[in-house]
Amino acid sequence: MSDLTRLTAAETASAIASREVSAVEVAQAHLDRIAKVDGQVHAFLHVDAEGALAQARRVDDGELSGPLAGVPLALKDVLCQQDIPTTVGSKILEGWRPPYDATVTARLKAAGVVILGKTNMDEFAMGSSTEHSAYGPTHNPWDLTRIPGGSGGGSSAALASYQAPLAIGTDTGGSIRQPASVTGTVGVKPTYGGVSRYGLVAFSSSLDQAGPCARTVLDAALLHEVIAGYDPRDSTSINQPVPPVVAAARSGEVKGLRIGVVKELTGDGYEEGVQQRFDEAVAILQSLGAIVTEVSCPHFSYALTAYYLIAPSEASSNLARFDAVRYGLRVGDDGERSLEEVTALTRGQGFGAEVKRRIILGTYALSSGYYDAYYGQAQKVRTLITRDFQKAWESVDVLVAPTCPTVAFPLGAKLEDPLAMYKQDICSIPSNLYGGPAASFPAGLSEGLPVGLQVMAPTLREDLLYQVGAALERALPAAVPPLAWEN
Amino acid sequence: MPEAGRPTIGREEVAHLARLSRLALDDSELDRLAGQLDVILGAVAQISEVSAADVPPTSHAVPLENVTRPDVVMPSLTPAQALSGAPSEEDGRFRVPRILDEE
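If you're matching them up, the sequences are chains D and X in order.
Residue 95 is where the first sequence starts when you use the working numbering, and the numbers rise one by one after that.
Residue 1035 is where the second sequence starts when you use the working numbering, and the numbers rise one by one after that.
Here it is as structure tokens:
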């Protein structure tokens, strides 16, 4: 076979199953590709060549099988993998090797998926560009001077530069979908509780959700089925069947599907090219038989502010576990300083600027005298946003909007302006607050850079996302990055 | 929350919040953070525009119930595994810096 790194995951699995190619050859081709291009892209924080080849051999020996057996994958560095460095993009966990696998990691291994390594991310998944990684930014394969999205920019860039056909992301406010949007790839945030959070280093526990990333809709669906499902180790895991996502991705039928365009997610701040590609994508779906109407979700306008109170509040509590005692960095333990002083020094040096900003913002929002006005009020707005979704489901099956108001912006452009960076997530946050699934699908290019269409669905109706995504994928030419920078 | 106008946050308050959060920050960090947090708070204060007095809060997307399992022993980390990431250990325990004032 000519270039194993250009195949889809489905094609790769089929070639391995029919013995056209070995899983070891596939793994080696991807490791070679990483060695060739990742110096320029910086998608990976750690590459586990030995482990990847050992897993591939198990597939070739017939010990492991399944729809994705032997297919390589890039794992976001927020998910624990036993004995493999897991940093969450932070200096505070540099060198830490988890003594256990996250449930997602364990399911991937059991399915014969070959984990190539851990991907770069904004520290603790806080950011929209990977520029907040303590280990340096990732570059967008479409244009190396631009951001690959965030926080899961390492995963999206690995896909778009053919370093892996599959990746795992996590999405608290858009960290799967916005990177997918700006790299022309597919990213799905499952229903909250649909994929186990056990072993996922927590940022905002009521919002965090891991999900599949891929270059095609079917590949994302195949990966979705591998990682989703009930896990007794996550007390918020939903004990219900996984929606039929692979069947939906194969069908791609949208005739008669009622699609609501969110009235509030447009206007100022939305780039003209993004709006044009979005409008065209909606027109395509309409031409395929979908029934398109406009739907008002009045409280979506407040989703960003609610999120920037709720998520930092939860983060300030969650990140208290980094106390320089049980794992990670310890700074200034000279035998004289107290535990409290050592903890403060360690956290002051171990956390980066964005993490500190959010911890302090969250501490403020939760503090006595401000709690009701900020955190409490944000939780009420969360209820109103959920009601907006529920009302929408009375008249439509799915909602659509741009995934992100812009295409990939230049590295450094928003680094000194936190608010401008936060606005990248303005369209993606409502689904996190509500808990329903949402996805970003490629919707063409604006001035040579990818644009994403976001689809939002009711709780546990992931199948609807994949139906719409597959329909759009068939109707549009594939977005292939030019990779002109390659030697 | 202040009665009127946008809330403000100054260097002193950021320093206090940093102490509560166990974050040792130097002077330049405090200055930077105070300026940035003031802008961010000005923006998120927009949340007060929403009239939501009678609306119940949502803490979680999934309606929460107690989740229990039978009380049986399951595989778990060994003591060595649990200590494997500790910055300092002694006699099979986490070793911590001084927690009491010296006499």
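All residues carry an ideal CB built from backbone N, CA and C; glycine is no exception.
None of these values were measured; they are calculated from a predicted model.
Within chain D, the residues that residue i reaches when beta carbons sit closer than 8 Å
{"i": "Leu1059 (chain X)", "result": "Gly442, Lys450"}
{"i": "Leu1071 (chain X)", "result": "Arg451, Ile454, Leu455, Tyr458"}
{"i": "Val1048 (chain X)", "result": "Ile454"}
Pairwise C-alpha distance: residue j and residue i
{"i": "Gln370 (chain D)", "j": "Phe394 (chain D)", "result": "22 Å"}
{"i": "Glu1037 (chain X)", "j": "Glu188 (chain D)", "result": "Note that Glu1037 (chain X) has pLDDT 43, beneath the 50 cutoff, so the model's placement of it is unreliable and the number below is only indicative. Rounded to whole angstroms, Glu1037 (chain X) to Glu188 (chain D) spans 45 Å at the Cα level."}
{"i": "Arg1066 (chain X)", "j": "Tyr468 (chain D)", "result": "23 Å"}
{"i": "Ala228 (chain D)", "j": "Gln443 (chain D)", "result": "11 Å"}
{"i": "Gln1080 (chain X)", "j": "Pro326 (chain D)", "result": "39 Å"}
{"i": "Ser245 (chain D)", "j": "Ala1114 (chain X)", "result": "33 Å"}
{"i": "Leu1051 (chain X)", "j": "Ile1043 (chain X)", "result": "11 Å"}
{"i": "Ala196 (chain D)", "j": "Arg452 (chain D)", "result": "25 Å"}
{"i": "Val165 (chain D)", "j": "His233 (chain D)", "result": "24 Å"}
{"i": "Gly363 (chain D)", "j": "Met550 (chain D)", "result": "21 Å"}
{"i": "Met1035 (chain X)", "j": "Gly456 (chain D)", "result": "Low confidence applies here, because Met1035 (chain X) scores a pLDDT of 42, under 50, leaving its location unreliable; read the following figure in that light. Each residue's Cα considered, the two are about 15 Å apart."}
{"i": "Val475 (chain D)", "j": "Arg127 (chain D)", "result": "47 Å"}
{"i": "Glu217 (chain D)", "j": "Arg568 (chain D)", "result": "36 Å"}
{"i": "Gly530 (chain D)", "j": "Thr239 (chain D)", "result": "34 Å"}
{"i": "Ala107 (chain D)", "j": "Pro161 (chain D)", "result": "6 Å"}
{"i": "Val386 (chain D)", "j": "Ser489 (chain D)", "result": "11 Å"}
{"i": "Leu125 (chain D)", "j": "Val295 (chain D)", "result": "26 Å"}
{"i": "Lys485 (chain D)", "j": "Gly267 (chain D)", "result": "22 Å"}
{"i": "Leu1134 (chain X)", "j": "Leu433 (chain D)", "result": "9 Å"}
{"i": "Ala1116 (chain X)", "j": "Val1106 (chain X)", "result": "20 Å"}
{"i": "Pro192 (chain D)", "j": "Val1084 (chain X)", "result": "43 Å"}
{"i": "Tyr516 (chain D)", "j": "Gly1076 (chain X)", "result": "14 Å"}
{"i": "Val501 (chain D)", "j": "Pro1131 (chain X)", "result": "49 Å"}
{"i": "Leu1054 (chain X)", "j": "Gly463 (chain D)", "result": "15 Å"}
Nearest-angstrom beta carbon gap, residue j and residue i [assumed within contact, 8 Å]
{"i": "Asp90 (chain D)", "j": "Arg291 (chain D)", "result": "This structure gives no information on residue 90 (chain D), because the portion of chain D shown stretches from 95 to 581."}
{"i": "Asp265 (chain D)", "j": "Lys283 (chain D)", "result": "4 Å"}
{"i": "Pro179 (chain D)", "j": "Lys212 (chain D)", "result": "7 Å"}
{"i": "Gly323 (chain D)", "j": "Val336 (chain D)", "result": "5 Å"}
Under 8 Å by beta carbon: chain X residues contacting residue i
{"i": "Asp427 (chain D)", "result": "Pro1121, Ser1122, Pro1131"}
{"i": "Tyr194 (chain D)", "result": "Leu1111, Gln1115"}
{"i": "Glu434 (chain D)", "result": "Arg1056"}
{"i": "Tyr560 (chain D)", "result": "Under the 8 Å cutoff, chain X gives no residues; its nearest Cβ is about 21 Å from Tyr560 (chain D)."}
{"i": "Ala533 (chain D)", "result": "Per Cβ cutoff of 8 Å: no residues; Ala533 (chain D) is ~17 Å from chain X at best."}
For residue i, the residue or residues it bridges with in DSSP
{"i": "Cys307 (chain D)", "result": "D:Ala261, D:Gly281"}
{"i": "Met515 (chain D)", "result": "None; Met515 (chain D) has no bridge partner."}
{"i": "Met1128 (chain X)", "result": "According to the sequence shown, residue 1128 (chain X) is Phe rather than Met. In the DSSP output, where bridge partners are listed per residue, Phe1128 (chain X) has X:Glu1123."}
{"i": "Pro161 (chain D)", "result": "Answer is none; Pro161 (chain D) lacks a bridge partner."}
{"i": "Gln548 (chain D)", "result": "D:Ala495, D:Ser534"}
{"i": "Asn234 (chain D)", "result": "D:Asp237"}
CB of residue i within 8 Å of CB of residue j, strictly
{"i": "His318 (chain D)", "j": "Val339 (chain D)", "result": "yes"}
{"i": "Val207 (chain D)", "j": "Val320 (chain D)", "result": "yes"}
{"i": "Thr480 (chain D)", "j": "Tyr528 (chain D)", "result": "yes"}
{"i": "Ala168 (chain D)", "j": "Ser249 (chain D)", "result": "yes"}
{"i": "Ala573 (chain D)", "j": "Leu539 (chain D)", "result": "yes"}
{"i": "Gln473 (chain D)", "j": "Ser1093 (chain X)", "result": "yes"}
{"i": "Ala1058 (chain X)", "j": "Ala438 (chain D)", "result": "yes"}
{"i": "Ser298 (chain D)", "j": "Glu408 (chain D)", "result": "yes"}
{"i": "Pro499 (chain D)", "j": "Gln1070 (chain X)", "result": "no"}
{"i": "Val131 (chain D)", "j": "Leu98 (chain D)", "result": "no"}
Neighbouring residues, chain D, relative to residue i (Cβ below 7 Å)
{"i": "Thr1092 (chain X)", "result": "Gln473, Arg476, Thr477, Thr480"}
{"i": "Arg1045 (chain X)", "result": "Going along chain D, no residue has its Cβ under 7 Å from Arg1045 (chain X), so there is no contact; the nearest lies around 12 Å."}
{"i": "Val1101 (chain X)", "result": "Ser329"}
{"i": "Ser1055 (chain X)", "result": "Ser410, Ile453, Ile454, Thr457"}
{"i": "Val1096 (chain X)", "result": "Tyr286, Gly287, Thr330, Ile332, Gly529"}
Where residue i meets chain X, residues with beta-carbon distance less than 9 Å
{"i": "Arg420 (chain D)", "result": "Ala1116, Leu1117, Gly1119, Ala1120, Pro1121, Phe1128"}
{"i": "Tyr396 (chain D)", "result": "Gln1080, Ile1081, Glu1083, Val1084"}
Contacts that residue i makes with chain X (C-beta to C-beta distance below 7 Å)
{"i": "Ala438 (chain D)", "result": "Arg1056, Leu1057, Ala1058"}
Residue i: CB within 7 Å of a non-hydrogen atom of the ligand MN
{"i": "Ser345 (chain D)", "result": "With respect to small molecules bound, the structure shown includes none, and the ligand MN cannot be examined in it."}
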